[in-house]
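Contents: one structure, followed by commentary.
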Amino acid sequence: MTYGLHYGGGVFEGLRAYDTPWGRSVFRLEDHMRRFIESARFLRLKLDYDLGELCEGVRSVVRTNGPNADYIRPIAFYGATPNLSMNPQGIPTHVAIVTVHMGSYIGDRQMREGMDAIVSSWEKPSNRATSSMAKVCGNYVNSALAKFDAVQAGADEAIMLNGNGTVAEGTGENLFIVRDGKLITPDLASGVLEGVTRDTVIKLARAAGYDVEERPITRGELLVANEVFMTGTAAEIVPVRTIDGVPINGGRPGPVTLQVQRLYNSAVRGEDARFVDWLDLVERKDIELLKV
Ligand SMILES: Cc1ncc(COP(=O)(O)O)c(C=O)c1O
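If you use my numbering, the sequence shown corresponds to residues 18 to 309, in order.
Written out as structure tokens, the structure reads:
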């Protein structure tokens with residue numbers, strides 16, 4: 018009788034914990050949990066916890082579950098419905114935080130050599146159908162269909178177009194192309210999640226001197242791009258080596274992708290002093306000391 022199961026009425030987040038020189042840290046914890054609260058607001062799902070309590074909940078689960086807990090999944094959903102009505106008002110909300118050991122989400126080889134992607138025939142729901150900015154459980158049926166087709170086709174991941182026919186994103190990743198030394202990623206109106214990793218990459222790339230543009234990307238641009246890579250908390254930074262069998266950059270990860278991957282790996286592990294504000298140590302709160 019759980020409303021969230023019948024109708025997809027729930028929201029979730031995905032975070033990662035990394036070892037840093039100062040102990041275990043959850044990367045951009047507050048940014049993720051702020052989005053969790055915003056997703057819940059979109060679904061009119063009342064959370065009984067504020068941002069501080071949710072963040073402490075994540076820290077506490079990571080502390081308890083130990084070093085193997087590298088991926089964290091908070092979820093909030095409407096619970097038991099008395100009469101199976103579509104109206105969720107009055108149904109109690111449940112919140113849970115679980116961790117798993119994920120390791121590399123797409124695969125170790127794909128992280129090094131690049132992954133194979135297809136353009137899915139399933140399109141992203143339009144901005145009139147739902148909000149791609151909210152991580153609503155029900156939205157992910159669409160991603161699951163596309164992922165299934167990608168795997169059936171022998172590929173690693175699907176790229177979805179939106180109702181306008183321009184590029185949106187992967188099933189659980191944002192997408193970037195590199196063209197003439199510039200990074201381009203679909204804008205929010207293209208129907209994408211406002212990814213925390215997308216934002217991290219934009220900031221890391223700009224700090225490294227790259228121009229980054231957010232604008233619609235056509236399917237054709239994917240195939241003539243110098244490089245394509247995908248970003249996500251679970252996936253991290255994954256080069257794309259083929260799209261629908263067409264090699265990108267000769268079928269090898271390109272130099273900009275590899276640089277972004279290196280910068281990201283350093284930032285999440287606290288190895289880049291410029292970005293320690295993004296760390297959230299689960300054992301200690303004296304992150305201010307790191308900056309002196
Ligand atoms: C549809 C979709 N796009 C993009 C992302 C990447 O977002 P983030 O970098 O915040 O993990 C995710 C993962 O949460 C996702 O589910």
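Yeah, the Cβ is synthetic: ideal placement off N, Cα and C, and Gly gets one too.
The C-alpha of R76 is placed about 8 Å away from the C-alpha of L298.
Going by beta carbons, E130 and P270 fall inside the 8 Å limit. The closest CA to that of E231, considering only I219, P142, L239 and A242, is found on I219.
Scanning its chain for C-beta atoms nearer than 7 Å, with the 5 sequence neighbours on each side dropped, one finds around Q127 the residues D173 and V255, in chain order.
Exclusion of the five residues before and after G212 leaves N191, T248 and G249 as the residues of its chain whose Cβ lies within less than 7 Å of its Cβ. For the stretch 228 to 257, the full-length beta strand (DSSP E) segments reaching 3 residues or more read 229 to 231 and 244 to 249 along the chain. Closest by C-alpha distance to K141, out of R291, Y157 and I135, is Y157. As for any alpha helix (DSSP H) of minimum length 4 sitting wholly inside the stretch 106 to 150, the runs are 125 to 130, ordered along the chain.
The beta carbon of D228 lies closer than 6 Å to those of K199 in the same chain, with the five residues before and after it left out. The three-state reading of DSSP puts F53 in helix, counting H, G and I together.
Distances between the C-beta of E73 and the heavy atoms of ligand 1 are all 7 Å or more.
Under the three-pair Cβ rule at 8 Å, the stretch 98 to 112 does not count as touching the stretch 143 to 160. The way I'd put it, the stretch 62 to 82 doesn't touch the stretch 162 to 182; fewer than three beta-carbon pairs between them come closer than 8 Å. When secondary structure is reduced to three states using DSSP, V299 falls in the coil class, being assigned neither helix nor strand. Here DSSP, grouped into helix, strand and coil, assigns S102 to coil.
Ranked by Cα distance from A113, the first of Y66, T188 and E238 is Y66. With a cut-off of 7 Å, the C-beta of T214 is classified as near ligand 1, since at least one heavy atom of the ligand falls inside that distance. Per DSSP, the unbroken alpha helix (DSSP H) holding L162 starts and ends at Y157 to Q169.
For G96, the closest of D261, M18, T202 and V263 by C-alpha to C-alpha distance is M18. For E70, the uninterrupted alpha helix (DSSP H) run begins and ends at L68 to N82, by DSSP. Secondary structure of I92 (DSSP, three-state): strand. Of V245, P84 and P91, the smallest CA-CA separation from H49 is found for P91. Assigned with DSSP and collapsed to three states, K220 falls in helix.
Closest in C-alpha terms to G182, from the list S137, L46 and L32, comes S137.
Of I234, G226 and D197, the smallest CA-CA separation from L205 is found for I234. 8 Å or more divides the Cβ of A242 from the Cβ of G208.
Out of M119, G187 and I201, the CA that lies nearest to the CA of F165 is found in G187.
By the neighbour-count criterion, in which 16 or more other beta carbons inside 10 Å mark a residue as buried, D36 falls on the exposed side.
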